[in-house]
Each structure stands twice: as C-alpha cells, then as structure tokens.
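First the structure, in the form of structure tokens, and then the observations on it.
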Amino acid sequence: MAVIERADAGSLAPARARGGAGAIDIAGVSKTYSIDGTPLRVIDDVNLHVATGEFVTIVGPSGCGKSTLLRLVAGLEEPSAGNISIAGRPMAERMNACGYMPQRDMLLPWRNVVDNAALPLEYRGLSRGEARREAAALLDRFGLAGFERAAPHALSGGMRQRVALARTALTGRTVLLLDEPLGALDALTRLDMQQWLLQVWSQLGSTVLLVTHDLDEAIILSDRIYVMSARPGRIVAEIQVPLARPRPESLVASAGFAGLKGRLLDAVRAGSGERDRK
Amino acid sequence: MTTESATFKPALSTVQRRGGRLVSALIVVTAIAAWQAATVFGRLENWLLPSPWDVLVSFTKPDTQNLILDNVWVTVEEALIGFATCLVIGVGLAAAMAAWRTLRSGLYPLLIASQTVPIIAIAAILVVVFGYGLAPKIVVVVLFSFFAVTVNVLDAVQSLDPELPGLLRSLGASRWDILRTARIPAALPGFFTGARLAVTYSVAAAVYSEWVGATGGLGYAVIQAANQFAEAQVFALVVVMALLGLAGFGAVTLVERLCVPWLRRDTYA
C-alpha cells in the first residue's frame, strides 16, 4: 500500500538534508540494568541523530550495547534516562513510528512466506486476501517470486532475511531499525545482500538505522557511521562516508575505502581501549 | 524461531516407515502365535486361559455379540464426555498457569501430587457420593487424563521464543493478535500430544470406573463374564476396549494432521 506508492516516486534520491526534527533523535540516553542488585550501566549518555532518508550505521565491539540501543529506539525497552523521538513525535509513540527487524528472522514456522510477510497488514485490519496480495507484490520486488507458499524452513538464510525485511517494510513505516540483519549469513551471500539492501533502501526511500560489527559493511552501506565504545556503550566517533553512490562490491578495493576503513578501525580500537584503561 | 531444529525432525523415509510397520506386524503375529502354542501345548483349560482362536470364535456367538453391543456405548459415552471435559479443564489450567507465574509455581507441585493418588480408590468414594450414574465416571476419566493435556500444553506454550511477542507488538499486534497468531499455534503440537495420550487413558479410566460400581459398560461386562468363567468373552471385551483406544488415537491423529500441517516437513504447504 503505502510502501508501493512511495516506491513509485522512490527512484528519486532520498533527501539527505540534516537539521530540524530528524527521523531519529536520541538525546542523553542511558540504560542501566540491575544484575543481582548491582547496577550495570550498558549505555551511557548516547546522543545520536538520523536525518530523513539517511542510512546510518552503529558499529562497535560485541556486547557494547548497540543492540540494546536499537531495542530502546524500537520501544521494546525503556531508557533509564534521556529522550528518544521518531519524526519529532513524543517518546511514548515511538513503537508505532518505526519498523524493527531483529537479528534472528523469527519467522513463524506455522505460516508460509507470504503469510509471514503479511502479518503487519493483518494486524492493521486488512483481510487475509488483501494482505496476501499486497505482501506478494512486495515479495516479488524483493526477489522472492515463486516462493510465496514455501515454508520458512525451506528457505536459505539469505532468503529468510529478505522475508523478514519485507515483513518489517510492510508495517508501512519509513524509519527502519535493522539489528545485524546480515549477521548470520556466509561471506558471499552477505555481499550480495548488502547490494540488495542498498537497492531496497533507495526504492523504498526509507530512513535506516543499522547495527553491525562488520566495518566493510558499515562503509559500503552508510552515509554516516557512529562508533560505540565497549561497555558502557557511548558514542566515541562519528564518521562521514563521502563515497559516491551507487557503491559496487569492487569499491572495497579502492584507496578511498581503505582510508575510511583505517580511520574507522582506529576509532573502534580507541573505543575498546577505554575499557582496558579502566 | 529457535525451536525450529527441535520441531522439524527429518521425516521417516518410505523404506523406514514400511520397515516399522513390518516390525509391529511381526511382534503382534509372534505374540499371538506364542499364546496359541502355549494354550495348545500347555494343555491349559480354556476357562483358565482361552486361546486366540477361542476368542475369535467367541466373537461369532450371539451371547458375546449382545454383551458387547449392550455395553459398548455406555463406555464410549463415559470416555467421550470425560475426554471432552478433560480437554477443557486441561487447556484451561495450562492457559491460567502460563498467564500467571505465581499460579504456576503454586499449582504445579499439587498437580504432580494429584497424580500419585490411586484414582481407583477415589472412584470407590465417588460412587458413595455420586451414586451409580454418569457423574462419578466422568470425574474418574478427567482425573486420569487432564494431567497429560495440561503438562504438554504448558510445555508447548513455554517453548515460544520469549522475544517473539515483543517483535509482533512492534509489528502492530494487539494482545489478542499475539494470542491468535503466535501463542495458540505454538501450543497446538503440545495440545495434540496431550490429547492423544488422554484419549487412550479415557477409555481405560472409563472401564476402571465401571469396576467399582456400575449397571452397564465394558468394565461391568468384564466382571459379569469373569464371574461366569467365560474367559473367552473377557478377552473379547478386552479386544473391544483396545480397539476403542486405537480408534480414539487415530481420530486425534487425523485432526492433528489437519490442524498442524506445518509439523510435516513439506517444502510447499
């Protein structure tokens, strides 16, 4: 529905302007868990901004709290301090303002591919038939034509992730939060899926906040990269990626890419080093 | 979901399935042959242990046929009403225990304790309280069978990925939507496992309940036949009970195939 309409106009490059109420505004967000009575701070005073149509990535070492940050933005957990706003709306409304895709695809084994993707449409009150038709149209564009009636377990890992992203996109929300969507895939499938993800992003015209620990992936995909430190996670660097789009796979062999990766690696190392000094 | 690898075991091949049936048939045939041989060569009187052949012959006699026809529907009625009641109570308990953690931790030990009570002894008391009618039979059947349903449904509900409800909520699901699209489908395999056990227990429990006080039913008929030393009839009645149990088992399996098609490893649903 909304997704498809946007895609018709979506061959235009998404707006990349900064300033004003952005798609995602995170201000002074902290998260503290209580483990057996001892407070454990996992996220510390994070400030982060994503403009409408922008593709922004958070990188950081394992366990730095980047997935937790995404769950906070998605509204699945509440921050201990700070404010999160999607498209300028109050914090309490954020769950219905963004589409969240977890690391594991979590497709329902009792539903076939099209009925899994159609879940958000059904939840919105569309009839089963309408929901199926609309979901099938998007699956078609996601390279899953002919697999609509397949059971999830019959698909490869890459295809399952495509279904999961289709399900998230069919929420009709333009701000997408992707938690290591390609993390479980083998290296070659991963490269294919990165190209596919870029294509989908420009077609849908959505805003993306993606979490990964793969530096190459972050550079290939992003307009901007935030680097998070080891726990307690805080933003230690913000790096612009000035590489022109479209970005082919071969870009990883270029000098510009290598320079960026060097800077990014230094920032990640410096962030992890904080923990060693403590 | 993470349960995937546990849920989808590779289906048996045709050869394995045929081999399995062959093994079952061999065991049954061998047992019957051994039984027949024992009665022939062991010179056992047929009022002590009738041979399989005697049992088969007994089915052709009008008095056995009448005994079965007069009593089978009483047992079927008790077993079916009891089974249906146990499904409702079993699922209700499991749902309540899944929803309230405190209730679960309080009730679980009691349920297990209830299974250690010899129900046949309770049946005798129930007859005193409720008389010879249908009610005490239903109570016995439910006491025997609900546990299998409750435990299996509860296990299945708790196997649901704990992160799934949150994800569905972010996709716009209401509590009812989550129940409808996730919790109930996740519970169905456990429900059918429990129902399959419960339906066979129900037949056996209905027969037990007739032992302590009844005016009809297969259990009642067994006692009548045994008192007359009509052992071939007793065995004929036992065969009918076994067939009832199998029929119930088959019926539940059939409904399961229709309701839980995703557990069969088909590529295309």
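Residue numbers (numbering that gives the first Met the number 0), protein chains in the order written: chain C, 0 to 277; chain B, 0 to 268. Even glycine gets a Cβ: it sits at the ideal position worked out from N, Cα and C.
According to DSSP, is G81 of chain C part of a helix, a strand, or is it coil?
Counting from one through the first sequence, the residue named residue 81 of chain C turns up at place 82. DSSP places G81 of chain C in strand when its eight states are reduced to three.
Comparing the C-beta of P161 of chain B with each C-beta of chain C, is any distance below 8 angstroms?
Against the second sequence, residue 161 of chain B aligns to sequence position 162. Chain C contact via Cβ: absent.
For the structure I just gave you, are there three or more beta carbon pairs, one from the stretch 93-105 of chain B and one from the stretch 202-217 of chain B, closer than 8 angstroms?
no
Top-ranked residue by Cα proximity to R166 of chain C, from C:T211, C:A116 and C:A149
Here residue 166 of chain C refers to the residue found at position 167 when the first sequence is read from its first residue. Of the candidates C:T211, C:A116 and C:A149, the one whose C-alpha sits nearest the C-alpha of R166 of chain C is C:A116.
Consider the Cβ of A181 of chain B: report whether some Cβ of chain C lies at a distance smaller than 8 angstroms.
Numbered from 1 along the second sequence, position 182 holds the residue referred to as residue 181 of chain B. Chain C contact via Cβ: present.
Where Q202 of chain C sits in the DSSP three-state scheme
Sequence index remark: in the first sequence, residue 202 of chain C carries index 203 (1-based). Correct three-state label for Q202 of chain C: helix.
For the 8 angstroms Cβ check, are there 3 or more pairs between the stretch 23-41 of chain C and the stretch 209-220 of chain C?
no
Mind listing the chain B neighbours of T170 of chain C? Cutoff is C-beta to C-beta under 9 angstroms, in chain order.
Position 171 of the first sequence, counted from the start, is the residue given in the question as residue 170 of chain C. Residues of chain B passing the Cβ test: S169, L170 and G171.
With H, G and I counted as helix, E and B as strand and the rest as coil, what does DSSP make of A231 of chain B?
Counting from one through the second sequence, the residue named residue 231 of chain B turns up at place 232. A231 of chain B: helix per DSSP, three-state reduction.
Beta carbon proximity, L110 of chain B to chain C, threshold 8 angstroms:
Here residue 110 of chain B refers to the residue found at position 111 of the second sequence. Output row for L110 of chain B: interface = no.
Would you list the one or two residues that DSSP bridges to E133 of chain C?
One-based indexing of the first sequence puts residue 133 of chain C at position 134. DSSP output for E133 of chain C lists no bridge partner at all.
How many whole angstroms separate the CB atoms of L167 of chain B and A181 of chain B, which I take to be in contact at a CB cut-off of 8 angstroms?
Residue numbering aside, residue 167 of chain B sits at position 168 when the second sequence is read from its first letter. Residue numbering aside, residue 181 of chain B sits at position 182 when the second sequence is read from its first letter. The pair is a contact, with the Cβ atoms about 6 angstroms apart (cut-off 8 angstroms).
Nearest-angstrom Cβ-Cβ length linking V174 of chain C and A22 of chain C, presumed shorter than 8 angstroms
In the first sequence, residue 174 of chain C corresponds to position 175, counting from 1. In the first sequence, residue 22 of chain C corresponds to position 23, counting from 1. Indeed, because the Cβ distance is near 5 angstroms, the residues count as touching under 8 angstroms.
Under a CB-based cut-off of 8 angstroms, is R166 of chain C close to chain B?
The sequence position of residue 166 of chain C within the first sequence is 167, counting from 1. For R166 of chain C, the answer is yes, since a Cβ of chain B falls inside 8 angstroms of its Cβ.
Could you tell me the boundaries of the beta strand (DSSP E) in which T56 of chain C lies?
For this step, residue 56 of chain C is matched to residue 57 along the first sequence. F54 to V58 is the extent of the beta strand (DSSP E) around T56 of chain C.
Which chain C residues sit within Cβ distance under 7 angstroms of G165 of chain B?
By one-based count along the second sequence, residue 165 of chain B stands at place 166. Under the 7 angstroms cutoff, chain C gives L75.
Using only the alpha-carbon positions, how far apart do G81 of chain C and D44 of chain C sit?
In the first sequence, counting from the first residue as 1, residue 81 of chain C sits at position 82. In the first sequence, counting from the first residue as 1, residue 44 of chain C sits at position 45. Cα to Cα, the separation comes out at about 8 angstroms.
I'd like to know whether the C-beta atoms of M94 of chain C and S12 of chain B end up nearer to each other than 8 angstroms.
The sequence position of residue 94 of chain C within the first sequence is 95, counting from 1. The sequence position of residue 12 of chain B within the second sequence is 13, counting from 1. Against a cut-off of 8 angstroms, the Cβ pair of S12 of chain B and M94 of chain C comes out as no contact.
Ordered along the chain, which non-local residues of its own chain (more than five positions away) have a Cβ less than 8 angstroms from that of S66 of chain C?
Position 67 of the first sequence, counted from the start, is the residue given in the question as residue 66 of chain C. Within the same chain, S66 of chain C has close Cβ partners Q102, D178, E179 and V210.
First and last residue of the alpha helix (DSSP H) that includes N226 of chain B?
For the purposes of this step, residue 226 of chain B is taken as residue 227 along the second sequence, with counting starting at 1. Residues L217 to N226.
Considering only C-alpha positions, which residue in the set C:P38, C:L181, C:L106 and C:G124 is nearest to A149 of chain C?
Looking up residue 149 of chain C in the first sequence gives position 150. Comparing Cα positions, the closest option is C:L106.
Taking only the alpha-carbon atoms, compute the straight-line gap between G64 of chain C and V72 of chain C and give it to the nearest angstrom.
As a working note, residue 64 of chain C is residue 65 in the first sequence. As a working note, residue 72 of chain C is residue 73 in the first sequence. So the two alpha carbons sit approximately 12 angstroms from each other.
Taking its Cβ as the centre, do 16 or more other Cβ atoms sit within 10 Å of S126 of chain C, making it buried, or is it exposed?
The count along the first sequence starts at 1 and reaches residue 126 of chain C at position 127. Exposed is the call here.
So which residues on chain C does D176 of chain B lean against when the C-beta distance must stay under 7 angstroms?
Residue 176 of chain B sits at position 177 when you count from the first residue of the second sequence. Chain C residues near D176 of chain B: Y122.
Can you check the stretch 168-211 of chain B for any alpha helix (DSSP H) of at least 4 residues that lies completely inside it and give the ranges in chain order?
174-177 and 183-210
Segment limits, beta strand (DSSP E) that includes M158 of chain C
The sequence position of residue 158 of chain C within the first sequence is 159, counting from 1. From DSSP, M158 of chain C is part of no beta strand (DSSP E) but of the alpha helix (DSSP H) over G156 to A168.
V206 of chain B classed as buried or exposed, judged by whether at least 16 other C-beta atoms fall within 10 angstroms:
Along the second sequence, read from residue 1 onward, the residue named residue 206 of chain B stands at position 207. Buried, by the Cβ-count rule.
CB I137 of chain B to CB G171 of chain B, shorter than 8 angstroms?
By 1-based counting over the second sequence, the position of residue 137 of chain B is 138. By 1-based counting over the second sequence, the position of residue 171 of chain B is 172. No, these two residues do not count as a Cβ contact at 8 angstroms.
Inter-residue Cα distance where the pair is Y32 of chain C and E77 of chain C:
Counting from 1 along the first sequence, the entry for residue 32 of chain C is found at position 33. Counting from 1 along the first sequence, the entry for residue 77 of chain C is found at position 78. Computed Cα separation, rounded: 11 angstroms.
Are three or more beta carbon pairs between the stretch 102-109 of chain B and the stretch 128-137 of chain B nearer than 8 angstroms?
no
Given a threshold of 16 other Cβ atoms within 10 Å of its Cβ, counted over all protein chains shown, does N111 of chain C qualify as buried or as exposed?
By 1-based counting over the first sequence, the position of residue 111 of chain C is 112. It counts as buried.
Mind checking if Y225 of chain C is an interface residue toward chain B, Cβ cutoff 8 angstroms exclusive?
For the purposes of this step, residue 225 of chain C is taken as the residue at position 226 of the first sequence. With 8 angstroms as the cut-off, Y225 of chain C does not count as an interface residue toward chain B.
Could you tell me which chain B residues have their CB closer than 8 angstroms to the CB of L118 of chain C, listed as they occur along the chain?
Numbered from its first residue, the first sequence carries residue 118 of chain C at position 119. By Cβ distance, chain B contributes L167, L170, A172 and T180.
Counting only the same chain and skipping the five closest in sequence on each side, list residues whose C-beta sits under 7 angstroms from that of M192 of chain C.
The residue labelled residue 192 of chain C in the question sits at position 193 within the first sequence. Excluding sequence neighbours, M192 of chain C sits near G157, Q160, L181 and L184.
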